[in-house]
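Using the working numbering, the letters of the sequence shown map in sequence onto residues 2 to 907.
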Amino acid sequence: MSDTEAPFRISISDNELESLKQKLALTRFPDELEDAGRDYGAPLADIQRLTNYWKDTYLSKWREHEAKLNEDLPQFTRDIEVDGFGTLNIHYVHKKSTVVDAVPLLFVHGWPGSFLEARKILPLLVENSPEHPSFHVVAVSLPGYGFSEAPKKKGFGSTQYAEVGHKLMLALGYNEYVTQGGDWGALITRRIAQLYGPKHSKAWHTNMPLGEAPHPTRRPWLLLTYLLFKLSPKEKAGLERTQWFQEKGIGYFKEQSTQPQTLGYSLADSPVGLLGWIFEKLVNWTDEYPWTDDEVLTWISIYWFSRAGPAASVRIYYEVNNQTPEGFARNIETPIPVGHSYFPKELAILPRSWIKASNPTLVFESEHEGGGHFAAHERPEALVGDLRKMFGKGGPAFGVVPGKTGRPATSSAATSPTLTNFSDSHADKQLRGEDVQEAYIENKDRLVNAIDSTKAILNDIRSFNRDEWVVRYPQLKETAPEEPEATPEELELAPSLPNRRPKGQRRSLSFADDPSFETEVVVADPSNYSPKRSVSMPIIKDDPEAESSSSDDVQKESDNVRLIPASDFNVLRLDLKLGTHPHSSSSTAASLVSQLEKASIANLLDERITASLSHIDKLRLRVEDTSSKVLVTGDLNAGKSTFVNALLRREVMPVDQQPCTTGFCEVHDAAENEGVEEVHIVKEGAKYDILDESTFTKAPLEDLETIVGDNEHKPVNQQNVIKLYLADSRAPSESLLNNGVVDISLIDAPGLNRDSLKTTALFARQEEIDVVVFVVSAENHFTLSAKEFLANASREKAYLFIVVNKYAGIKNKEKCRKAVFEQIQQLSPRTYEDADDLIHFVDSAAALQPYTANPAFDDLESALRSFVLVKRSKSKLQPVSTYLNNLLSDIQLLADANPRGRCWSR
2 MSDTEAPFRI
12 SISDNELESL
22 KQKLALTRFP
32 DELEDAGRDY
42 GAPLADIQRL
52 TNYWKDTYLS
62 KWREHEAKLN
72 EDLPQFTRDI
82 EVDGFGTLNI
92 HYVHKKSTVV
102 DAVPLLFVHG
112 WPGSFLEARK
122 ILPLLVENSP
132 EHPSFHVVAV
142 SLPGYGFSEA
152 PKKKGFGSTQ
162 YAEVGHKLML
172 ALGYNEYVTQ
182 GGDWGALITR
192 RIAQLYGPKH
202 SKAWHTNMPL
212 GEAPHPTRRP
222 WLLLTYLLFK
232 LSPKEKAGLE
242 RTQWFQEKGI
252 GYFKEQSTQP
262 QTLGYSLADS
272 PVGLLGWIFE
282 KLVNWTDEYP
292 WTDDEVLTWI
302 SIYWFSRAGP
312 AASVRIYYEV
322 NNQTPEGFAR
332 NIETPIPVGH
342 SYFPKELAIL
352 PRSWIKASNP
362 TLVFESEHEG
372 GGHFAAHERP
382 EALVGDLRKM
392 FGKGGPAFGV
402 VPGKTGRPAT
412 SSAATSPTLT
422 NFSDSHADKQ
432 LRGEDVQEAY
442 IENKDRLVNA
452 IDSTKAILND
462 IRSFNRDEWV
472 VRYPQLKETA
482 PEEPEATPEE
492 LELAPSLPNR
502 RPKGQRRSLS
512 FADDPSFETE
522 VVVADPSNYS
532 PKRSVSMPII
542 KDDPEAESSS
552 SDDVQKESDN
562 VRLIPASDFN
572 VLRLDLKLGT
582 HPHSSSSTAA
592 SLVSQLEKAS
602 IANLLDERIT
612 ASLSHIDKLR
622 LRVEDTSSKV
632 LVTGDLNAGK
642 STFVNALLRR
652 EVMPVDQQPC
662 TTGFCEVHDA
672 AENEGVEEVH
682 IVKEGAKYDI
692 LDESTFTKAP
702 LEDLETIVGD
712 NEHKPVNQQN
722 VIKLYLADSR
732 APSESLLNNG
742 VVDISLIDAP
752 GLNRDSLKTT
762 ALFARQEEID
772 VVVFVVSAEN
782 HFTLSAKEFL
792 ANASREKAYL
802 FIVVNKYAGI
812 KNKEKCRKAV
822 FEQIQQLSPR
832 TYEDADDLIH
842 FVDSAAALQP
852 YTANPAFDDL
862 ESALRSFVLV
872 KRSKSKLQPV
882 STYLNNLLSD
892 IQLLADANPR
902 GRCWSR
């Protein structure tokens, strides 16, 4: 045996074929009663006809059938270790779609089926079409079926069959997958869902839906409904079909689940006995399907030539029935989405209410006018159509396998590009550009609603402040240090110690217009405070964290002390110390504040609200815009422009520190400029419009260094913004600018110093910037200017992309990494939480060297591309969400400090 995949081809020996022919020739047929029809089982005339055709014609054509099976079904074998049962060599069909993002699907057959049931649906499932999803299909031969090895020990039940299917998918690289099955396949895929969902098994579909019948103790309400209300004609017909099967068709089940070995002697020795045993089911369990003799005999031949022999296939009935004697309809619930297809000639057709009650995760249902038990063979188009609806775009299980939408990429990168999802290092996942846009739009729409609600609240406050009651502006200062929290030893020695207050911070609250007023308040932990508003903010996270259970403790801090959400304002902060000397004492500043009239402070607040409203309007426009802007800045001499060149894979930006110290160069894809590479110098005071040449001056690329050099000598407020259009010959899956999905521009901003810090910080806060990339030198770490910038930008953007450049020259790299991480943890906690994706240690200059591998920079580029394109809800929408949250926190602080004003805190 081998633990690796081995190709498999059906190749029955001449001796086996001759032996079968001899057995068929020696057949002794039973007699038959007159006019027996099918009442007593398989009709004699049918079995005689099939036997003679098998012996005289079909076997002579076997090599043709064999070759066609091998052509239609790519087959393999692989060893699978089954807990407690050793290693089994498993046979399976594996057909991959040409669609890279096809959905991995495990198809599981039943009895008397086999891997042959996948033959008709296989080409439909792997089909590449923009109209429906495509699948990578694995059709396993269950142990003891087809060409799979059979277990040698007792007790091989549904759990073990599920283990084989699951481990096969993992061995093939499908860590996340969906399943489909009927008959035993329904029970086994259900067991896979129970054992391996939702981590691995993401959703399952069956064409044999089951449900538990009404029971006086388990589902009394369902029993009451059944007794009080009439069944529909379809439900009656379904129960009649079910009753027929229980009374007339269940004999095989009783035998196979109680004495399989006894039956096995006949199945293993008599090909005609096997034919009669299975042919009866093929006819009775289908909806008048027109079986051809070749179809029937191919189906039977696979059992006859099977690796373990036909007797091994029926033991599953004994094992499962002994492990689950109460029946297949018990323990149906699964933790993952399930879909059902209903065919009118299925063996058990229960009222839909019974099925739904037993399947709480049911998300998809489809009812068909025709079809029976072998849906994959009888109605392949209908079954595949249901799978396409369930897992396709707009379906309830669309995207359940992350990154595997089943959607094909077209040949034109301009109309349907693909993006590599670099967030998953375990698989080379692809995402269609339009899928990325759809995910972005879904979050965007929710955020726009939040923007509109926040704007309405601000307008209410402004009106209230002007017309009804002047909103007072609170100030907070620290009180005496809090009593430390009791240690476990103290609590053990003195259980009656009063509760300490570690959750909230006590502050003294007063008002700017009345410093004489003072009261004690508690500042709540922001993660636990529940503001009294009804603005629904979209949650833009990768991995939502569990809610803290300590919120109640904060809310119960004291019945007599007012609770407020924050210790200071974020957006509505008023600089009431204007006019004071930088070195003046706080008492001097306080005396200035006390001289301000109440109305004056209210006017200042009104101005801040007006500015916020204007900013919100711009944010809304930016959110509605699908393009993205990436600001690249950093410390002086950190190699910022070199980093930009490395991203562009060409030396375009001047790398001498001085020319670019104070200039902004905005890099766009040349496709936005009709493919022409050139420089546009925006005229002073003009609003840039690429279609209006009066707003800019054109220049060739080779003049860029001179242009930015001339810019250096102008006052900061008079410097020209430079638009640079560059062509990137790399494929859309590799390029950031030429990604074929969204318009992205890189803004090479000035390096930080005291003159440019405020300019760059202001630029970072502008609503047009989506992502801030900060380049720091590994030799110097973060300067004071960098720390100030990062702290401000982090409050505005939440997530920053950090590039630690010139890392190759550092000797003690571990010490460098530790120091950088410690600083970022303090400056930008959200960035630190996503350090693997957002903090990178590289050498940009080395990335520009031709024919030189630079995996660290490749990882950085992939992560940045993923952050900007694939994770757009975080990179583009999160800054807006952060601003709104800060603003709403400020509003809540005003509301809590002004109890009479709570009518406008929604």
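Every residue, glycine too, gets a C-beta built ideally from N, C-alpha and C.
Straight-line Cα distance separating residue j from residue i
i, j, result
"residue 391", "residue 365", "6 Å"
"residue 571", "residue 887", "6 Å"
"residue 351", "residue 838", "51 Å"
"residue 882", "residue 810", "39 Å"
"residue 860", "residue 342", "44 Å"
"residue 408", "residue 729", "26 Å"
"residue 307", "residue 301", "10 Å"
"residue 73", "residue 241", "38 Å"
"residue 477", "residue 511", "6 Å"
"residue 458", "residue 613", "12 Å"
"residue 400", "residue 102", "10 Å"
"residue 338", "residue 184", "19 Å"
"residue 152", "residue 172", "20 Å"
"residue 542", "residue 444", "Its pLDDT being 47, under 50, residue 542 is placed unreliably in this model, and the value from its coordinates should be taken loosely. Distance between the alpha carbons of residue 542 and residue 444: 11 Å."
"residue 468", "residue 622", "30 Å"
Helix, strand or coil at residue i [DSSP, three-state]
i, result
"residue 677", "coil"
"residue 162", "helix"
"residue 884", "helix"
"residue 890", "helix"
"residue 180", "strand"
"residue 728", "coil"
"residue 630", "strand"
"residue 368", "strand"
"residue 846", "helix"
"residue 149", "coil"
"residue 635", "strand"
"residue 211", "coil"
"residue 373", "strand"
"residue 475", "strand"
"residue 795", "helix"
"residue 307", "coil"
"residue 361", "coil"
"residue 206", "strand"
"residue 430", "Because the pLDDT at residue 430 is just 37, under 50, the model does not fix this residue reliably, and the value given afterwards should be weighed accordingly. Reduced to three states, the DSSP call for residue 430 is coil."
"residue 714", "coil"
"residue 408", "coil"
"residue 775", "strand"
"residue 616", "helix"
"residue 897", "helix"
Residue i - containing beta strand (DSSP E), residue span
i, result
"residue 50", "Looking at the DSSP string, residue 50 is not in any beta strand (DSSP E); the run it does join, the alpha helix (DSSP H), is 45-54."
"residue 670", "666-670"
"residue 194", "Looking at the DSSP string, residue 194 is not in any beta strand (DSSP E); the run it does join, the alpha helix (DSSP H), is 185-197."
"residue 752", "745-753"
Beta-carbon proximity check, residue i vs residue j, cutoff 8 Å
i, j, result
"residue 629", "residue 869", "yes"
"residue 201", "residue 340", "no"
"residue 369", "residue 346", "no"
"residue 175", "residue 254", "no"
"residue 689", "residue 797", "no"
"residue 472", "residue 603", "yes"
"residue 140", "residue 77", "no"
Extent of the continuous alpha helix (DSSP H) run through residue i
i, result
"residue 911", "Nothing can be reported for residue 911, as the shown portion of the chain is limited to 2 through 907."
"residue 806", "Run containing residue 806: none in the alpha helix (DSSP H); it sits in the beta strand (DSSP E), 802-806."
"residue 862", "856-866"
"residue 321", "316-324"
Residue-chain proximity (residue i, chain C), Cβ-Cβ < 8 Å
i, result
"residue 672", "The structure shown contains no chain C, having only a single protein chain."
Fill in: beta strand (DSSP E) runs contained entirely in the segment 95-143, provided each spans 3 or more residues
104-109, 136-141
Worksheet item: Can you list the beta strand (DSSP E) stretches of 3 or more residues lying completely in the segment 56-100, in chain order?
Response: 76-83, 87-96
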